[in-house]
Amino acid sequence: MNILVINCGSSSIKYKFYQMPQEELISRGSVDRIGEKESFVKNHRQGLEILLQKIECVDAIGHRVVHGAEEFKEPALIDQRVIHRIRVCSRLAPLHNPANLEGILACRQVLKGIKQAAVFDTAFHQSLPQQAFVYGLPYNLYQKHGIRKYGFHGSSHEYVLNEAAKKLKKNLSQLNLITCHLGNGCSVSAIRNGRCVDTSMGFTPLEGLVMGSRCGDIDPAVITYLIREKKMPPESVDQLLNKESGLKGISGVSNDMGKLMLEAKKGNKRCQLAIEIFIYRLKKYISAYLGILGRAHALVFTAGISEHHPWLIRKACKGLFNNLKAKPKVMLIPTDEELMIARQTYRVIGKINRGG
Numbered sequence: 018m019n020i021l022v023i024n025c026g027s028s029s030i031k032y033k034f035y036q037m038p039q040e041e042l043i044s045r046g047s048v049d050r051i052g053e054k055e056s057f058v059k060n061h062r063q064g065l066e067i068l069l070q071k072i073e074c075v076d077a078i079g080h081r082v083v084h085g086a087e088e089f090k091e092p093a094l095i096d097q098r099v100i101h102r103i104r105v106c107s108r109l110a111p112l113h114n115p116a117n118l119e120g121i122l123a124c125r126q127v128l129k130g131i132k133q134a135a136v137f138d139t140a141f142h143q144s145l146p147q148q149a150f151v152y153g154l155p156y157n158l159y160q161k162h163g164i165r166k167y168g169f170h171g172s173s174h175e176y177v178l179n180e181a182a183k184k185l186k187k188n189l190s191q192l193n194l195i196t197c198h199l200g201n202g203c204s205v206s207a208i209r210n211g212r213c214v215d216t217s218m219g220f221t222p223l224e225g226l227v228m229g230s231r232c233g234d235i236d237p238a239v240i241t242y243l244i245r246e247k248k249m250p251p252e253s254v255d256q257l258l259n260k261e262s263g264l265k266g267i268s269g270v271s272n273d274m275g276k277l278m279l280e281a282k283k284g285n286k287r288c289q290l291a292i293e294i295f296i297y298r299l300k301k302y303i304s305a306y307l308g309i310l311g312r313a314h315a316l317v318f319t320a321g322i323s324e325h326h327p328w329l330i331r332k333a334c335k336g337l338f339n340n341l342k343a344k345p346k347v348m349l350i351p352t353d354e355e356l357m358i359a360r361q362t363y364r365v366i367g368k369i370n371r372g373g
């Protein structure tokens with residue numbers, strides 16, 4: 018089965034094309050600057066038509082969808098009901114779900130009759146127990162408005178979980194891991210017996226670790242202070258927390274760890290501080306999750322920062338396991354979210370084709 022994996026952003030389409038179940042990557046590519054003033058690509062449908070000039074014999078399509086709320090605990094075959102529910106979930110991910118939906122609708126127009134599956138970033142974390150996902154807010158905010166921890170990067174955490182199980186020669190049901198996805202966005206997950214029991218990102222991807230340009234955990238009163246005392250409109254606060262904070266905000270230089278490292282070596286104190294805060298927060302979450310799990314078979318690092326800056330992994334792990342009788346292995350496993358989406362799509366659509 019030839020599966021086209023689509024990841025639609027607000028102004029881009031990225032794809033990988035696989036032959037499954039062999040997991041052979043046939044081709045990959047992207048179209049950028051969709052809908053921008055100087056771009057000749059006016060919308061996602063046109064972008065998709067450009068990509069399909071290079072692709073033949075598509076049997077199925079898998080879409081990354083960022084937010085599935087509590088409704089989607091696993092990948093879903095796309096039909097009108099699923100499209101409607103993704104649209105409803107857009108209130109929880111207004112920057113992402115509408116773009117993901119654009120890709121789905123464009124594929125329906127251009128590749129009529131081809132089965133499509135939606136694979137949700139949040140689905141892997143739907144195994145969280147209530148004590149991990151309910152916030153210390155009035156309970157009716159969760160019941161009526163869905164305000165709770167959801168978690169993200171699910172396809173990445175699930176991919177490295179499966180790869181770690183192969184390398185450690187353990188069944189998923191017997192495996193305890195802490196997985197660390199460290200890219201421009203960063204998250205840590207605690208996995209007990211192959212199921213996620215806690216994760217650092219929350220209601221949105223803003224919670225948790227200090228990231229490239231996201232602040233991570235802060236006192237929520239900072240937000241009301243900025244609105245009340247500094248007269249900042251909510252949109253400006255949102256921009257500040259998501260786009261102007263994290264490594265970028267602390268250093269005043271960049272959200273790129275490589276650039277920060279170079280500047281830190283030159284003696285830039287704020288770049289040094291940004292790196293120290295990043296590592297401190299990471300160690301804090303890993304230590305907390307070691308406490309929750311009791312025992313971890315491995316600590317798995319993945320994504321760009323992990324792959325390009327092994328020195329950071331060494332610093333993050335220094336002293337972590339001193340008091341542990343059974344020390345976890347430390348593993349670096351490159352992530353492949355698109356392959357995970359292809360696997361999930363193959364499973365969902367293969368089951369339909371078999372009459373399951």
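For the sequence shown, position 139 (counting from the first letter as 1) is numbered 156 according to this note's numbering, and the numbering increases by one without interruption.
C-beta: ideal position from N, C-alpha, C; glycine also.
- By the neighbour-count criterion, in which 16 or more other beta carbons inside 10 Å mark a residue as buried, P92 falls on the buried side.
- Looking at the backbone, the Cα of L329 and that of G321 are separated by about 12 Å.
- Looking from the CA of L257, the closest CA among I23, L42, C232, H198 belongs to C232.
- If you look at Y35, you'll find it in the beta strand (DSSP E) that goes 30 to 36.
- Residues of the same chain with a CB within less than 7 Å of the CB of N340, apart from the 5 flanking positions on each side, do not exist.
- Put simply, of I103, R165, V317, Q126 the residue whose alpha carbon is nearest the alpha carbon of E180 is V317.
- Going by beta carbons, L299 and L226 fall inside the 8 Å limit.
- For the region 220 to 261, the continuous alpha helix (DSSP H) assignments of 4+ residues that do not extend past its boundaries occur at 238 to 245, 251 to 260, in sequence order.
- Counted as a single uninterrupted DSSP element, the beta strand (DSSP E) harbouring M348 occupies residues 346 to 349.
- Ranking G79, S173, K54, H61 by CA distance to the CA of M37 puts G79 first.
- Within its own chain, no residue has a Cβ closer than 8 Å to the Cβ of K301 once the five positions on either side in sequence are excluded.
- The continuous alpha helix (DSSP H) containing K332 extends over residues 327 to 334.
- G275 counts as exposed, since fewer than 16 other beta carbons sit within 10 angstroms of its beta carbon.
- Judged by pairs of C-beta atoms under 8 Å, the region 120 to 129 touches the region 61 to 68, as three or more such pairs exist.
- Look at S206 here: in three-state DSSP terms it is strand.
- Using a 10 angstroms sphere on the CB of N272, the tally of other CB atoms reaches 16 or more, which defines it as buried.
- In summary, K33 is buried, with 16 or more beta-carbon neighbours lying within 10 Å of its beta-carbon over all protein chains present.
- Separation of V177 and L94 (C-alpha to C-alpha, rounded to the nearest whole angstrom) is 24 Å.
- Approximately 5 Å separates the beta-carbon atoms of F169 and D138; this is inside 8 Å, confirming the contact.
- Here the alpha carbons of R212 and R364 stand approximately 19 Å from one another.
- Burial of K166 is indicated by the presence of at least 16 other C-beta atoms within 10 angstroms of its C-beta.
- Under DSSP, K132 forms a beta bridge with A77.
- Counting C-beta atoms within 10 angstroms of its own C-beta, C197 has 16 or more neighbours from the protein chains shown and is therefore classed as buried.
- Per DSSP, H113 is not a residue of any beta strand (DSSP E), being assigned neither H nor E.
- Going by C-alpha positions, F57 is about 39 Å away from C288.
- Per DSSP, the continuous alpha helix (DSSP H) segment holding E66 begins and ends at 61 to 69.
- When DSSP states are grouped into helix, strand and coil, L337 belongs to the coil group.
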